[in-house]
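Take a look at the structure set out below.
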Ligand SMILES: [Zn+2]
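Chains as they are written, first to last, in the numbering used here: chain C, 1 to 141; chain X, 142 to 516.
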């Protein structure tokens with residue numbers, strides 16, 4: 001089976017990168033920098049963003065850089081396009097990535113299906129889908 | 142917890158046909174199921190003073206939308222989003238023991254198949270844009286992790302789907318009855334690796350209903366009462382904030398509570414039911430509830446315990462993998478009929494007295510009920 005990392009694929013279901021609640025994340029992504037939301041009161045670090053802190057209920061929070069490295073908690077390989085919009089992308093690998101700062105992301109991996117291993121080290125890679133949208137991915141270092 | 146043991150009983154069960162029924166609403170299918178459950182209990186709707194409905198995936202089947210077809214306004218009505226029969230049953234027990242109602246019908250209706258609901262529509266989010274869709278995605282994450290940590294193989298895991306199919310072949314109501322061997326399973330392609338199509342439920346239309354009343358009243362009904370002996374619940378409603386979320390640790394708390402509340406142990410259970418949109422639910426729950434040690438669920442099922450003739454019959458209706466989609470509701474119907482001793486002879490487990498039914502609301506909640514033939 002040939003599997004080309006689909007760095008030029010264009011997902012049809014793009015997030016709203018202009019949403020004020022998350023615009024900073026997407027702006028940094030365009031510059032290939034990884035951010036997470038941090039509670040100004042207690043330091044809780046999270047993605048996706050929440051309106052208030054689930055730990056201390058503060059509504060004061062900032063977007064801060066986090067280490068773009070982590071390990072693969074687990075992964076799946078989509079062999080069927082369960083939604084028709086994915087039909088040109090199969091097979092593709094989605095990983096659950098535990099970053100070194102403890103934030104979990106579930107995103108596409110630029111890793112061949114037979115090279116993915118639970119526990120493998122990963123580093124953020126980036127997929128510039130459009131001028132406005134860059135999607136986070138992870139790849140082997 | 143207040144001792145609820147033996148105070149409430151299931152006195153009627155019923156369901157509609159299972160399959161594809163274009164033009165029939167979830168509410169209409171609910172009424173078909175209620176009609177069958179009333180007939181089974183030997184009563185009319187006038188003897189019902191409580192209605193608990195379970196919503197369909199599209200949001201229909203609320204009490205206020207079933208009511209106009211039910212044609213009556215019982216003094217108690219309630220709706221749960223994802224009752225899986227367990228949460229709904231627990232609510233009924235509470236309502237009866239507190240006097241809110243005396244005899245309650247619980248019902249689920251769904252027409253998601255004929256309505257062609259897209260269960261894999263991506264959300265406009267980073268995950269959605271990454272193609273992480275359908276419950277098979279997160280369930281597959283849990284299984285892949287299990288395989289890596291414990292060495293679980295496809296051949297071991299496949300026995301959940303294979304043994305459910307063996308039961309389904311003995312169940313005339315089951316939609317999927319073609320033979321499935323472990324070799325046949327392994328020859329099937331992956332859907333969302335490590336899951337195959339056979340590991341994931343297929344959507345179907347239908348309705349299921351149960352009638353529940355106090356143990357005192359239950360003695361006047363024609364069927365042997367099936368008593369609720371214990372119940373427990375747990376949640377992870379905080380959501381996906383920790384790495385181990387796909388393994389659903391909240392189930393472990395529910396399992397500990399059901400054994401503690403009842404004093405029973407897994408070896409007391411004669412028949413086991415696990416609501417299962419995917420076979421990963423079987424794997425997780427046989428471990429959390431203590432039928433197999435943590436990490437050993439795959440090897441345990443491959444030993445044949447859950448198959449017809451095995452020592453821990455599991456989902457004797459064929460489960461959601463082979464019978465139909467009904468969110469676990471038909472699991473409870475089957476448990477009641479097995480305890481009454483009234484299923485087809487080639488499927489009947491010899492003289493079962495205790496059944497455990499385990500279910501979950503996706504990754505967020507879990508519930509368990511133990512039901513039995515004596516108080
Ligand atoms: Zn905080």
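Just so it is clear, CB atoms sit at the ideal spot from N, CA and C, and this is done for glycine as well.
Secondary structure note for residue 502/X: its beta strand (DSSP E) is the uninterrupted segment 495-502. Between residue 460/X and residue 297/X, the C-beta spacing is not below 8 Å. Taking the C-beta atoms as reference points, residue 369/X is found no nearer than 8 Å to residue 178/X.
In the structure shown, residue 477/X adopts helical secondary structure according to DSSP, grouped into three states. CA-to-CA, the gap between residue 44/C and residue 423/X works out to about 34 Å. Contact check between the segment 331-341 of chain X and the segment 189-209 of chain X: fewer than three CB pairs, one atom from each, fall below 8 Å, which does not count as touching. DSSP lists 135/C as the bridge partner or partners of residue 127/C. The DSSP-derived three-state label of residue 163/X is coil. Against chain X, the beta carbon of residue 86/C has neighbours under 9 Å at 261, 263, 272 and 274, listed in chain order. At a cut-off of 8 Å between beta carbons, residue 192/X makes no contact with chain C. Here residue 231/X is buried: its Cβ has 16 or more other Cβ atoms, across all protein chains shown, within 10 Å. Judged by beta-carbon spacing, residue 97/C lies beyond the 8 Å limit of residue 108/C, meaning their Cβ atoms are not closer than that value. Taking 7 Å as the Cβ-Cβ cut-off, the segment 62-79 of chain C approaches chain X at 73, 74, 75, 76, 77, 78 and 79, given in chain order. The three-state secondary structure of residue 372/X, taken from DSSP, is strand. Taking C-beta separations shorter than 6 Å and ignoring five residues to either side along the sequence, the partners of residue 507/X in its chain run 375, 391, 392, 395 and 501, following chain order. Taking all protein chains in view, the Cβ of residue 196/X is crowded by 16 or more other Cβ atoms within 10 Å, so the residue is classified as buried. Taking the Cα positions, residue 104/C is about 32 Å away from residue 466/X. In summary, the residues of the segment 360-384 of chain X whose CB is separated from some CB of chain C by less than 9 Å are 379, 380, 381, 382, 383 and 384, in the order they occur in the chain. With a cutoff of 8 Å on beta-carbon distance, residue 51/C and residue 121/C are scored as not near each other. Think of a sphere of 8 Å around the beta carbon of residue 333/X: the chain C residues whose beta carbon falls inside it are 76, 77, 78, 79, 80 and 82, in chain order. Look at residue 141/C: its C-beta is not under 8 Å from any C-beta on chain X. Going by beta carbons, residue 439/X and residue 293/X fall inside the 8 Å limit. Taking the Cα positions, residue 378/X is about 5 Å away from residue 505/X. A check of alpha carbon separations from residue 182/X across 332/X, 474/X, 414/X and 313/X identifies 474/X as the nearest.
When DSSP assignments are scanned along the segment 311-392 of chain X, the uninterrupted stretches of beta strand (DSSP E) that are 3 or more residues long and fall wholly within it turn out to be 331-334, 347-355 and 367-376. Rounded to whole angstroms, the separation of the alpha carbons of residue 149/X and residue 366/X is 9 Å. Collapsing the DSSP output to three states places residue 209/X in a helix.
Annotated three-state conformation of residue 301/X is helix, per DSSP.
In the structure shown, residue 223/X adopts coil according to DSSP, grouped into three states.
Residues are counted here when their Cβ sits less than 7 Å from a Cβ of chain X; for the segment 11-30 of chain C these are 11, 13, 14, 15 and 16, given in chain order. In the three-state reduction of the DSSP assignment, residue 196/X falls in the coil class, being assigned neither a helical nor a strand state.
One thing to note: residue 300/X has its Cβ no nearer than 8 Å to the Cβ of residue 435/X.
Taking the Cα positions, residue 289/X is about 9 Å away from residue 74/C.
Within chain X, the residues placing a beta-carbon under 9 Å from that of residue 106/C are 267, 268, 271, 273, 278, 279, 282 and 381, ordered along the chain. Contact fails between the segment 228-242 of chain X and the segment 256-267 of chain X, because fewer than three Cβ pairs, one in each stretch, are under 8 Å apart. The beta carbon of residue 428/X is closer than 6 Å to those of 435 and 438 in its chain, skipping five residues each way along the sequence.
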